[in-house]
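In my numbering, the protein residues as written are 3 to 1002.
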């Protein structure tokens, strides 16, 4: 509603749309009962300068949404629109933007009208084998026809016919354009119009048209033939690769050339004596202007063009030109044109009729227009947009209505007096980093932010790259976005404003999407714990285009893990901070966020003492494929000096070491090295395994004092003899002890026994069926074990065939079954090669400082003699405030399950769940690809593939049926010896038909 009047939105997307919409713009100035808005897509503006020129000349204000933004449902804004008029709308490809906009308007309760845009309008007056009634449909509630409903094609669908209203042709008969001076104009001038890009024309038709044009031009040298290709199709000038018609009196008006771009068919007709056209609306334009016109038909049946002359041969070309040059015969041609108009068009002022119709329909409504668009949040149109996004709720198998009810409930929190004025005083601010020319990706990000359930949001566009404050301000002025959006102008003053008016700032890039619950979540945090930094989970979208909205992976984010953050840029732009922290960052924050994915800023935040971090375990960011960093190496390399500076505060504890690895371009290596290491290996028989394990230890590159303690659990004398023989052959200087444990298998007690007799500063527990592959594993793992905050240090465990891996232990999701462990082995390869914190490590290969092992009283040999003993130890160490480290670049090969048999460990799972409640919560906060959602995603993809296969089977079945029918007809007509050959083929096809049905 504008100034109390209903608003009509005029939408243009195709080059020819202007001819239909321009009369509305002229009439709008005289309407007191309606207000008008004009919307022109960026594609149309870029392709047709005459559109913007015309609007400027008429003094019309207009918005320029992205065509892709229209298709995605984010532009234009419809909150104050009551009527939508499209020049051309249907399910056909060229009309897709208008069609999707119309569907969105319908959902918002807006009146929708579309115009008949051509004499042969697909879906109305024209159909063929490609443009079928089933394939061409309309979304508009009213379809405004040029002529009577009886003139629609017989194939038109009943649901289409029921929406058709005859109003007449709204196009101007003689549009005002600059006068044309036809170069070298002769006694007569005939305009030749072609739309030969249309698939309806055969190659013979096209070649005959060109040949006859040239022949006719040579036959009539006293006549200028002005050839005008279709304004959008431009077949002759830009698609056709053959020889152009050539004669002195032929002029080709290329629509791409500035001198011709402004002139459509209707504009040219008034400057010529006659027109010849391929089947098209030009026949109507010429006839309405009183200009003699003929239609080139050749092999086409064009009864709908009667009584106009239809050219079928070269002779007919000559005949029509002769008719034009004869003062008596030209009268007949004009009469034919007049009869054609009377037969096909409703007379009178179509524009006045249409606007009166719209005004009358609006007046009949009892709904007050001041409230019609005050729909509850989210509105139908907003639901359509949100439902098109792959938001997390879909993978939780949640019903859409349940999710949208949550949004509505959250919005209610900010209405009325539920919150104090102080709580409502500050916004959640999005800083959108715009480094490329604004596009639909920027629009879709803005839309996702504007649809937040919390209305206390604003947005700042940050000009980067070739963008400037002025260019973004100009762009924003042409858009039709609602909400508080402004362009970043002054770094110092804008940060001061944010610090004063915002609870949190967050960052995004064009193409990224933000879950509609995010701002509310941040606002609730500001009421409660009020953290300094908030991190959330991330959905990584596949593809480089934003309209390829499929999820590639679901990435969970941990609570602050400093050792992980120092080695992996796992946060990206999925975080929010207090504005004062962002303002105080000593380097260029925006450059860091775009070129470094924010890693340096997050490391800087991690170094700030006393900051409170909080992770929210919902997937609140959906990152576009094009915004995904290629590798950490590319993010780090330009900023090596800054990384050194950041890590300088740790130089007493860690050494910053560069390495040639895309995923891990550097390491922080502990400076303190272990002076001595004790490797503890429990074993029972299976000497081959133990010998291979020992062999891998002898290959280790260690400067530390090393001892190996073998815990013998009742092995046979033969097994012991083989092991001792091997040790004697090695003549190693490494001290090897064999300690006997002559009791039933108790892995915990054996490990504790080894630890008790060990002299090493670091204990290294190793299964006898494990072989260390990385020659520096002992030294590196032992060094990390001495870091003050660390207990267990593990590495990547791989199966002999390399197909299975264990990348540390991870907490399991909560479960009602006591039979399941608190944790499980992490088999995700995404972070398998990297250095990071982990929930725990398997005792198949683990390093622990001896003093820390003793502090924690070692493994629980009474309650956890075997299974889950490492799980229980890891849980205890975490409860004591320690961290477990995983070194993914180091590998050990392990033949799982050979060191001990299976055992009933139900009791241990019960004890774990009774004693340790934290792992279930921790499962929501760990660095991983979410396998649960991944499985749901794979199920969705599989279902889509099944549907696709079913569609292909149906298509193949249809072809087989058609071929079967054809063969049956041939057989019935056959009386020759070929009968039996065809009969065999028929039976073969019937068999295939049966198979196809079975596979359906």
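For glycine and all other residues, C-beta sits at the position ideal for the given N, C-alpha and C.
The secondary-structure analysis by DSSP pairs residue 482 with nothing; it has no beta-bridge partner. Here residue 207 really is in contact with residue 301; their C-beta atoms are around 6 Å apart, less than 8 Å. Rounded to whole angstroms, the separation of the alpha carbons of residue 487 and residue 640 is 32 Å. Under DSSP, the beta-bridge partners assigned to residue 893 are 798. The Cβ-Cβ distance between residue 74 and residue 107 does not fall below 8 Å.
Excluding residues up to 5 positions away in sequence, 809, 810, 812 lie with their Cβ nearer than 6 Å to the Cβ of residue 828 in the same chain. With distances taken between CA atoms, residue 167 lies nearest to 147 out of 176, 160, 147, 286. If you keep only unbroken alpha helix (DSSP H) runs of at least 4 residues inside the stretch 689-727, you get 689-700. Inside the stretch 332-390, DSSP marks whole alpha helix (DSSP H) runs of 4 or more residues at positions 352-366, 382-389, from first to last along the chain. Secondary-structure assignment with DSSP links residue 685 through a beta bridge to 714. Residue 565 carries a helical assignment under DSSP once its states are collapsed to helix, strand and coil. In this chain, the alpha helix (DSSP H) harbouring residue 752 covers 749-759.
Taking C-beta separations shorter than 6 Å and ignoring five residues to either side along the sequence, residue 250 has no partners in its chain. Counting C-beta atoms within 10 angstroms of its own C-beta, residue 586 has fewer than 16 neighbours from the protein chains shown and is therefore classed as exposed. If you compare the alpha carbons of 702, 680, 703, 723 with that of residue 686, the shortest gap goes to 723.
A Cβ-Cβ separation of about 6 Å places residue 621 in contact with residue 556 under the 8 Å criterion. Boundaries of the beta strand (DSSP E) harbouring residue 14: 9-14, taken from the DSSP string. A direct Cα-Cα distance of roughly 4 Å separates residue 766 from residue 849.
Between the stretch 301-313 and the stretch 218-227 there are fewer than three inter-stretch CB-CB distances shorter than 8 Å, so the stretches are not counted as touching. Using a Cβ distance threshold of 8 Å, residue 325 and residue 335 count as a contacting pair.
Taken through DSSP and simplified to helix, strand or coil, residue 202 comes out as coil. Counting other Cβ atoms within 10 Å of its Cβ, residue 163 stays below 16 and is therefore classed as exposed.
Beta-bridge partners assigned by DSSP to residue 461: 432, 487. Looking at the backbone, the Cα of residue 188 and that of residue 351 are separated by about 36 Å. Counted as a single uninterrupted DSSP element, the alpha helix (DSSP H) harbouring residue 783 occupies residues 779-787.
Straight across, the Cα-Cα distance linking residue 137 with residue 594 is about 50 Å.
Uninterrupted alpha helix (DSSP H) stretches at least 4 residues long and entirely within the stretch 142-202 occur at 160-163, given in chain order. Listed in chain order, the alpha helix (DSSP H) runs fully inside the stretch 233-300 are 260-263, 267-271, 284-290, counting runs of at least 4 residues. In this structure, the CA atom of residue 291 is about 29 Å from the CA atom of residue 92. Relative to the Cα of residue 155, the nearest Cα in the group 127, 169, 173 belongs to 127. Taking one beta carbon from each stretch, the stretch 862-872 and the stretch 907-922 have 3 or more pairs nearer than 8 Å; the two touch. With a 10 Å radius around the Cβ and a threshold of 16 neighbouring Cβ atoms, residue 650 comes out exposed. Under DSSP, residue 625 takes part in a beta bridge, and its partners are 542.
Distance between residue 305 and residue 12, taken at the CA atoms: about 34 Å. For residue 505, the enclosing beta strand (DSSP E) covers residues 504-510. Bounds of the beta strand (DSSP E) holding residue 115 are 113-117.
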